[in-house]
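Enquirer: To convert, note that position 152 of the sequence shown is 152 in the working numbering; the numbers rise steadily by one, no gaps. We put the CB at the ideal spot given by N, CA and C, even for glycine. So that we are looking at the same thing, I have put the structure below in C-alpha cells.
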Amino acid sequence: MGAPTPTKAPSPVASQPPPATPAMRQYARFKAQHPDCVLFFRMGDFYEMFHEDAVLAHATLGITLTQRTKGVPMAGVPYHSVEPYLRRMIDAGHRVAVCEQVQDAAEATGVVDRAVTRVLTPGTLVDEALLDEGRTNRVAAIDLLVGDPPAAVLASIELSTGTFELVDLPAGRVVDEVVRLAPSELLYAEPADGLVPAVIEQIRNAMACSLTPRPPWTFRPAEARACMQEHFGVATLGGFGIADDDPALSAGGAVLRYLRETQAPNDDATQRLGHLRPPRRQSMDRFVTLDATTLYNLEIERTMRTGATAGSVLSIFARCRTSMGKRQIRDWLCFPLRSLEAIETRQRAVAAIIEDRSLADTLGDQVAAVQDVARIAGRVSMRRATPRDIVALGVSVARAPDIAGLLDDRPAFADALQRLRAIAEPLAALAESIGRQCVEDPPAHLREGGLFREGVDAELDEAMALQRNAHRWLAEYQQGLVSDTGINSLKVGYNKVFGYYIEVTHAHTDKVPDTFSRKQTLKNAERYITPELKTYEDDVTSAQSRAIERERILFESLCNTVACESRGLAAFADIVAELDVLLCFAQVAGRHGYCRPSLVSEPRMDIRQGRHPVLDESLAEQFVPNDCILGSDEDDEAATLALITGPNMAGKSTYIRQVALITLLAHTGSYVPAESATIGLTDRIFTRVGAADELHAGRSTFMVEMTETANILHHATDRSLVILDEIGRGTSTLDGLSLAWAITETLAARRCRTLFATHYHELTSLADEHDNIRNLHVSVREWGDKIIFLYRILPGRTNRSYGIHVARLAGVPAATVDRAAQLLETLAVHTGDPAPPSSPPQQMSLFTEYIEHPAVEALRALDLTTLSPLEAFDILRGIQERLDDP
Ligand code: ADP
Ligand code: MG
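In C-alpha cells form, the structure reads like this:
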C-alpha cells in the first residue's frame with residue numbers, strides 16, 4: 001500500500017495561466033471539482049494529465065513528459081491499458097478521478113461532452129485488475145465520540161463485495177481494532193483546526209492505510225441517518241436491527257456518502273451501489289480480543305523479521321480454493337470466536353469433512369468451480385462487469401444445487417444447507433437464464449460481440465445472419481461477375497479503409513462493364529465498386545453495429561436481472577467462502593495430524609504434545625512437541641502461571657507462542673497441532689515481547705513495553721491468556737527484576753492463564769510461596785564446550801551458568817571453579833546475569849558426577865550437535881538411565 005499520509009490537495013490549477021482552448025477550459029473545471037485527485041482526462045485513445053498531475057505521473061509511472069502547448073506539461077497513457085497505471089497511482093497513495101468522453105466525438109459540435117465517472121481511492125477499488133483477489137479491500141470511517149467513558153464507532157464497507165459493518169469500541173481499543181480490520185482507507189472528520197487528530201496519528205504509525213479527512217457534517221447524526229435511509233429506501237433502520245439513534249450511524253452514513261460521491265458522481269448512486277448489503281451491527285464481544293501487538297507477535301499475517309506472508313500462520317492455511325475463501329480465512333484467524341456454540345458448529349463441519357474422504361473431494365471440486373461471485377456481483381451492480389464475468393457467474397451459481405445435494409442429510413452442515421435452500425430457486429433461474437442466453441466461451445469485451453447465443457433475440461439473429469452470410473453472398477457475387485465479364489482473375493475483397501471492392505488487373509481493364517465505378521488504383525490492378533456491392537456494404541456495416549448495439553441492450557438487461565439477485569448472490573458467496581475455509585481446515589488438520597480441541601468453560605488449559613504450527617511445518621519431525629497444563633482442576637497442577645527459564649535459543653519463545661497459537665486456532669473452529677487439547681474459553685489473548693528481545697531491537701522501547709504491560713494488567717481477566725516474553729529487560733537489572741516480580745504476583749493473583757519466559761531466575765523462587773505459580777525450564781545438554789538444545793519443556797527451575805560447568809568439564813581445578821561460582825553470585829546483581837542455583841541442577845550432574853564413566857567417555861567421541869534434538873535427547877536419556885541404575 002501507498003504512503004500512509006492524509007491526502008493533500010496538489011496545488012490548485014488556479015495558479016496556472018488561463019487555459020487557452022475549450023478542452024483545456026473543460027479540464028480546468030473538472031480539476032477544480034476534484035482538487036485532491038490526479039485527473040485522468042480522456043482525449044481520444046489516451047488519458048492525458050496536465051500541469052502538476054503530468055509531472056507527478058511522470059515521476060510515479062515513469063511515462064514521458066511532453067508539452068501540449070508551450071509551458072503546459074502533459075503526459076498520457078493509452079486508454080486500453082489504463083488499469084496498471086491506475087493501480088500504480090493508487091498504490092503510490094494518490095487518488096484518481098477518471099474523466100470520460102460521454103458523447104460520441106462525431107456527434108459533438110465543438111468540444112465533446114465529458115464527465116468524471118468515478119473517483120478511485122485505495123479503499124474504493126472494484127476492478128479485478130486493481131485488486132488482490134485474496135485480500136479484502138475495505139474503506140472505513142471512524143467517529144470519535146465524546147462521552148464518559150470515551151468511545152468510538154467504526155463503519156466499514158468492502159465495496160467490491162458489498163459487506164457493510166458497524167461496531168462500537170471503547171476509545172482505548174480504537175487503534176488495535178482498526179489494525180485488525182486492516183482497511184485500505186480510513187475516513188475521519190477533519191477538525192476545524194485542520195490538524196490530524198492524535199488517534200489518527202497513532203493509526204498512521206501502526207499500519208499502512210490511506211487516511212482521508214472528510215467534512216465533519218458528513219458525520220453528523222441527522223445527515224448520516226438520512227443518507228442511510230435514502231440509500232436503503234427505508235423510513236427507519238429498525239428493520240436492520242439498528243436503532244435510529246444508534247451512535248454508529250454517524251460513521252455508517254459518512255462512509256456511505258463517501259462511496260456515493262466517489263462511485264457515482266453523476267449517476268443514480270442507489271442503483272449503482274445496489275449490491276451494498278444492509279449494515280450489520282457487530283459486537284466486538286463476539287470475538288476473542290487480539291490487539292495489534294499480539295497479531296504482530298504471533299505472526300498471524302506476516303513474519304516479524306521480514307514482514308513477508310511466507311512463514312506466517314496464514315501461510316499454513318493458504319490452501320483455499322476460491323478467492324472468497326482466501327479472504328475469509330484471514331478474517332477467521334484475526335477474529336476468533338468467543339461463543340462455544342459457534343466454534344463447535346465449525347468444528348463439527350471440519351470433523352465431517354475429515355471423516356468422509358469422498359465428501360472432501362467432491363465438495364472440494366464443487367467449491368473450486370465457483371468463481372469470485374461476491375466481487376462479480378459487485379461489478380455487475382457497479383456496471384463494470386464484462387461478458388466473462390456474467391458467464392462465470394452463471395457457471396458458478398449453477399453449482400448451488402450440487403453443493404446442496406452434497407450437504408443434504410448431514411447434520412454438521414444443517415445451517416449452511418438451510419441458507420442454501422433459501423436462495424436455491426432464484427439462483428437456479430439465474431444460472432439457467434445466463435446459460436441459455438450466453439455462449440460458453442465469451443469475448444473479453446462486449447465491443448467484440450458474440451456473447452449471446454442464436455435464438456435469444458430475433459433482431460440480433462437477423463443482424464448476425466447478415467454478417468454470417470456475407471462470405472457466401474460475396475463468393476456467389478464474385479462467381480456471377482466472373483461469368484458475366486469473363487475475367488477469371490476478378491476478385492471481390494474487403495479492407496478496413498476502403499470497404500468492399502472488386503479488383504481487376506490492368507490487363508483486363510477493357511472488359512470492365514460500365515456499372516463498375518473506379519474506387520482505387522493499385523500498381524497492377526484497379527479497384528471498383530458497384531451499386532449492389534455498396535448497398536451490401538451498408539447493410540453489413542449497419543448489421544454489425546446493430547448487432548453490437550443489440551448485444552449491449554441485452555447485456556444491460558441481463559446485468560439488471562443479475563443485480564436484482566444481489567442478496568442471494570451475496571449469501572451464496574458467504575456459504576461458499578465458509579465451506580472453502582472449512583475444507584482448508586480439514587485439509588491442514590489431516591495433513592499435519594492436528595487434533596480437535598475440546599473447548600470448556602473452566603479457565604484451564606491442557607495441551608498434550610503441542611507444536612508450533614509454522615515450525616511444525618518447516619521442521620517436520622525435527623520439531624519437539626511439548627505439553628502445557630495450566631489451571632487444571634487436578635490439585636497438583638492448579639497453577640495458572642508458569643515461569644519458563646532456560647538459556648538463549650533454547651525454545652522458550654517458541655513454546656509460549658505455540659500455546660497462544662493453539663489457543664487462538666481453537667477459537668477459530670480449526671483443529672490444532674497437538675495430540676490432544678482442552679482449552680478453556682478465552683476472552684483475550686495478550687502477548688508482550690520485551691524490549692531487549694533481539695527480534696524487537698530498535699522497534700520497541702522500555703516505555704512501550706511498560707505501556708503494553710499496563711494494558712494487560714488493566715484488562716486481563718481470569719478468562720484471558722497472557723504471554724510474556726522476557727519483559728523487564730530494557731531497564732537496569734534491579735528495576736527490571738522488581739517490575740517482573742510485581743507483574744508476576746499481580747497476574748498470579750488475577751488467575752489468568754499466563755506463560756512468562758524470563759531470564760530473571762530469581763523469579764523462580766516465587767513458586768515456593770505461591771501455589772498458583774510453577775516453574776518450567778527448557779532442557780539442554782552440554783557436550784564439550786557446546787550446548788545441545790533439546791527443546792523439551794520440563795518441570796522445575798534451571799540456571800544458565802553453563803560457563804562455570806564448561807570450565808569444570810574442561811578440567812579447570814575445582815578450587816578455581818568454586819571461586820568463579822562465588823564471584824558470579826556477587827556479580828550477578830550488577831550485571832543482570834542470573835545467579836547460579838544454590839544446588840547443582842539435575843541435568844548437570846550427569847557429567848559432573850559420572851565424568852569418568854565409560855559410557856560418558858564413549859559419548860564424548862560422538863558429536864552430539866550433528867544429531868537431531870530428539871536423537872540427542874534419547875541417547876542422553878538412555879545414558880542417564882544406565883547411570884542412574886548401575
Ligand atoms: P529462546 O526464546 O529460548 O531464545 P526460541 O524459541 O527463539 O528460543 O527458539 C530458537 C530456535 O530454536 C527456533 O528458531 C527454532 O529453530 C528452534 N526451536 C525452538 N523450539 C523448538 C522445538 N520445540 N523443536 C525444535 N526446534 C525448536
Ligand atoms: Mg526468546
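Give the DSSP-derived three-state secondary structure of lysine 519 in the structure shown.
Expert: As a working note, residue 519 is residue 519 in the sequence shown. If DSSP states are grouped into helix, strand and coil, lysine 519 belongs with the strands.
Enquirer: Taking DSSP as the reference, what is the three-state secondary structure of isoleucine 300?
Expert: Against the sequence shown, residue 300 aligns to sequence position 300. Note: isoleucine 300 maps to coil in three-state DSSP.
Enquirer: Just to confirm the assignment, what range does the beta strand (DSSP E) spanning arginine 527 have?
Expert: To locate residue 527, count along the sequence shown from 1; it is residue 527. It spans 525-529 - the beta strand (DSSP E) in which arginine 527 sits, taken as one unbroken run.
Enquirer: Classify arginine 608 as helix, strand or coil using the three-state DSSP reduction.
Expert: The residue you call residue 608 lines up with position 608 of the sequence shown. Residue state, collapsed to three classes: strand.
Enquirer: Are threonine 124 and leucine 159 touching if we call contact CB-CB under 7 Å?
Expert: Here residue 124 refers to the residue found at position 124 when the sequence shown is read from its first residue. Here residue 159 refers to the residue found at position 159 when the sequence shown is read from its first residue. For threonine 124 and leucine 159, yes; Cβs fall inside 7 Å.
Enquirer: Take the Cβ of leucine 460 as the centre, count every other Cβ of all protein chains shown within 10 Å, and call the residue buried at 16 or more, exposed below.
Expert: Position 460 of the sequence shown, counting from 1, holds the residue named residue 460. So leucine 460 ends up on the buried side.
Enquirer: Is the distance from the Cβ of glutamine 347 to the Cβ of glycine 568 below 7 Å?
Expert: For the purposes of this step, residue 347 is identified with residue 347 of the sequence shown, where counting begins at 1. For the purposes of this step, residue 568 is identified with residue 568 of the sequence shown, where counting begins at 1. For glutamine 347 and glycine 568, no; Cβs fall outside 7 Å.
Enquirer: Closer than 6 Å to a non-hydrogen atom of the ligand PLP - does that hold for the CB of phenylalanine 232?
Expert: Absence of the ligand PLP from the depicted structure is noted, with the ligand ADP and the ligand MG being the only ligands included.
Enquirer: Is DSSP giving tyrosine 79 helix, strand or coil here?
Expert: On the sequence shown, residue 79 is found 79 positions in, with the first residue counted as 1. Here tyrosine 79 sits in helix by DSSP.
Enquirer: Check this for me: beta carbons of histidine 770 and threonine 645, under 7 Å apart or not?
Expert: As a working mapping, residue 770 is identified with position 770 in the sequence shown. As a working mapping, residue 645 is identified with position 645 in the sequence shown. Against a cut-off of 7 Å, the Cβ pair of threonine 645 and histidine 770 comes out as no contact.
Enquirer: Between which residues of its own chain and threonine 322 is the CB-CB distance below 8 Å, once the five residues before and five after are set aside?
Expert: As a working note, residue 322 is residue 322 in the sequence shown. Only Val367, Ala368, Val370, Gln371, Asp372, Val576, Ala577, Asp580 meet the Cβ criterion.
Enquirer: Between threonine 682 and glutamine 328, what straight-line distance do the alpha-carbon atoms span, to the nearest angstrom?
Expert: The count along the sequence shown starts at 1 and reaches residue 682 at position 682. The count along the sequence shown starts at 1 and reaches residue 328 at position 328. Each residue's alpha carbon lies about 22 Å from the other.
Enquirer: Could you check whether the Cβ of glycine 651 sits closer than 6 Å to any heavy atom belonging to the ligand ADP?
Expert: As a working note, residue 651 is residue 651 in the sequence shown. Yes, since a heavy atom of the ligand ADP falls inside the 6 Å radius drawn around the Cβ of glycine 651.
Enquirer: Please return the same chain residues whose Cβ sits closer than 6 Å to the Cβ of glutamate 128, not counting the five positions on each side in sequence.
Expert: Reading the sequence shown from its first residue, position 128 is the one you call residue 128. Cβ within range, chain order: n/a, list empty.
Enquirer: For aspartate 863, name the three-state secondary structure that DSSP assigns.
Expert: Sequence index remark: in the sequence shown, residue 863 carries index 863 (1-based). Note that aspartate 863 scores a pLDDT of 49, beneath 50, so its modelled location is shaky and nothing firm can be said.
Enquirer: For valine 38, verify whether its CB is less than 6 Å away from any heavy atom of the ligand ADP.
Expert: Position 38 of the sequence shown, counting from 1, holds the residue named residue 38. No.
Enquirer: Just checking, does the stretch 432-449 make contact with the stretch 518-525 on the three C-beta pairs under 8 Å criterion?
Expert: No, because fewer than three Cβ pairs between the stretch 432-449 and the stretch 518-525 fall closer than 8 Å, the two stretches do not touch.
Enquirer: Which residues bound the beta strand (DSSP E) around proline 485?
Expert: Within the sequence shown, the letter at position 485 stands for residue 485. Note that residue 485 corresponds to threonine in the displayed sequence, not to proline. Run containing threonine 485: none in the beta strand (DSSP E); it sits in the alpha helix (DSSP H), 458-485.
Enquirer: What does the alpha-carbon distance come out to for the pair cysteine 209 and leucine 187?
Expert: Walking along the sequence shown from the start, residue 209 turns up at place 209. Walking along the sequence shown from the start, residue 187 turns up at place 187. Whole-angstrom Cα-Cα distance: 10 Å.
Enquirer: Using the C-alpha atoms, what's the distance from tyrosine 27 back to aspartate 53?
Expert: Within the sequence shown, the letter at position 53 stands for residue 53. Within the sequence shown, the letter at position 27 stands for residue 27. About 12 Å.
Enquirer: Nearest-angstrom Cα distance between leucine 249 and proline 443?
Expert: Locating residue 249 in the sequence shown gives position 249, where the first residue counts as 1. Locating residue 443 in the sequence shown gives position 443, where the first residue counts as 1. Straight-line Cα distance between these residues: approximately 43 Å.
Enquirer: Tell me the start and end of each unbroken beta strand (DSSP E) in the stretch 192-230 that is at least 3 residues and wholly inside, in chain order.
Expert: List check, beta strand (DSSP E) in window: 210-214.
Enquirer: Just how far apart, CA to CA, sit arginine 319 and cysteine 584?
Expert: By one-based count along the sequence shown, residue 319 stands at place 319. By one-based count along the sequence shown, residue 584 stands at place 584. One C-alpha to the other measures close to 6 Å.
Enquirer: Quick check on DSSP: helix, strand or coil for leucine 276?
Expert: Position 276 of the sequence shown, counted from the start, is the residue given in the question as residue 276. Coil, per DSSP.
Enquirer: List in chain order: all unbroken beta strand (DSSP E) runs of 3+ residues lying wholly within the stretch 93-180.
Expert: 96-101, 114-120, 138-145, 151-158, 163-170, all fully within the stretch 93-180.
Enquirer: Given a cut-off of 7 Å, decide if alanine 75 and histidine 94 are closer than it, judged by their beta-carbon atoms.
Expert: Stepping through the sequence shown from its first residue, residue 94 is reached at position 94. Stepping through the sequence shown from its first residue, residue 75 is reached at position 75. No, these two residues do not count as a Cβ contact at 7 Å.
Enquirer: For isoleucine 316 versus glutamate 617, is the C-beta spacing smaller than 7 Å?
Expert: Indexing the sequence shown from 1 puts residue 316 at position 316. Indexing the sequence shown from 1 puts residue 617 at position 617. Yes.
Enquirer: If you count every other CB in all the chains shown that lies within 10 Å of the CB of isoleucine 142, and 16 or more means buried, which is it?
Expert: Here residue 142 is taken as the residue at index 142 of the sequence shown, counted from 1. Its Cβ being crowded by 16 or more others within 10 Å, isoleucine 142 is buried.
Enquirer: Look at the alpha carbon of histidine 761 and the alpha carbon of aspartate 606, and state the distance between them as a whole number of angstroms.
Expert: Position 761 of the sequence shown, counted from the first residue, corresponds to residue 761. Position 606 of the sequence shown, counted from the first residue, corresponds to residue 606. Taking the straight line joining both Cα atoms gives about 25 Å.
Enquirer: Pick out whichever of Ala206, Phe498, Leu211 has its Cα sitting closest to the Cα of leucine 195.
Expert: What you label residue 195 is simply residue 195 of the sequence shown in a count that begins at 1. If we check each option's Cα against that of leucine 195, Leu211 comes out closest.
Enquirer: In chain order, what are the residue ranges of uninterrupted beta strand (DSSP E) at least 3 long that sit wholly in the stretch 597-677?
Expert: The qualifying runs are 598-600, 605-610, 626-630, 641-645.
Enquirer: Give me the DSSP bridge partner(s) of isoleucine 679.
Expert: Reading the sequence shown from its first residue, position 679 is the one you call residue 679. Per DSSP, Leu599, Met605.
Enquirer: Leaving out five residues before and five after glutamate 133 in sequence, what residues of the same chain have Cβ atoms less than 6 Å from its Cβ?
Expert: If you number the sequence shown from 1, residue 133 lands on position 133. Result list for glutamate 133: Ser323, in chain order.
Enquirer: So who's on the other strand from lysine 511, going by DSSP bridges?
Expert: To locate residue 511, count along the sequence shown from 1; it is residue 511. In the DSSP output, where bridge partners are listed per residue, lysine 511 has none listed.
Enquirer: What residues in its chain sit with their C-beta under 6 Å from that of methionine 889, if we drop five residues either side in the sequence?
Expert: Within the shown structure, residues of the chain are numbered from 1 to 886, placing residue 889 beyond reach of any answer.
Enquirer: Does the distance from the C-beta atom of valine 704 to that of isoleucine 712 stay below 7 Å?
Expert: By 1-based counting over the sequence shown, the position of residue 704 is 704. By 1-based counting over the sequence shown, the position of residue 712 is 712. Going by C-beta atoms, valine 704 is not nearer than 7 Å to isoleucine 712.
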